[in-house]
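Please read the structure below before turning to the comments.
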Amino acid sequence: MIVSSNVDHNGVRFEGEDGCWAQVNRGTLKLSDKLKGVKLDDSDIRLYKSDNHYRNFIDCVISGKEPIAPAEVGHRSITIAHLGNISMILNKELKWDPKTERIINDTLANTMLDRPKREPWDKIYKDLIAEL
């Protein structure tokens, strides 16, 4: 992963092989010339459209339908952003273990993965984790 603060605005840029890339930013999609016009196969995964994740979440609670952005996907998506920020702050390459959700090569960086919780949320959080 390359983290930079001088890329077009903000968002995420996925870089593939042979100069292919896609950059997304809250409703904006930019593609490399090689990806423009590429057609999806019938077997490719397609997601339904949602312009409002908050409304979509409430609608899915009511309907029982799967949200456009399930909690696990949101968690994994933002993890990469948090790791990028920590890496930029420390100016250091970090090695991440997705199974333990820990940075394996920097103790200080691990302390930046979370922050102290205010009471009573600290106890509630610890009780919930203990039940897992």
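Under this note's numbering, the letters of the sequence shown match residues 1 to 132, in that order.
Where a beta carbon is used, it is the ideal one built from N, C-alpha and C, also for glycine.
Values in this document were obtained by computation on a predicted structure and should not be read as measured data.
Following the DSSP letters along the chain, one finds Glu72 inside the alpha helix (DSSP H) bounded by residues 71–90. Shortest Cα-Cα distance from Cys20 to any of Val38, Asn110, Thr111 involves Val38. For the 8 angstroms CB-CB criterion, Ile86 and Met112 form a contact. By a beta-carbon distance limit of 8 angstroms, Asn105 contacts Leu94. Their separation comes to about 6 angstroms. Just so you know, the alpha carbons of Phe57 and Asp122 end up roughly 26 angstroms apart. Taking the Cα positions, Asn52 is about 22 angstroms away from Ile80. Collapsing the DSSP output to three states places Ile103 in a strand.
Across the structure, Glu17 and Leu35 are spaced so that their CA atoms are roughly 11 angstroms apart. Here Ile103 is buried: its Cβ has 16 or more other Cβ atoms, across all protein chains shown, within 10 Å. Judged by DSSP secondary structure, Lys30 falls within the beta strand (DSSP E) whose first and last residues are 28–31. With a beta-carbon spacing of about 4 angstroms, Ser50 and Ile68 fall inside the 8 angstroms limit used to define contacts.
The Cβ neighbour count for Ala109, taken over all protein chains shown within 10 Å, is at least 16; the residue is labelled buried.
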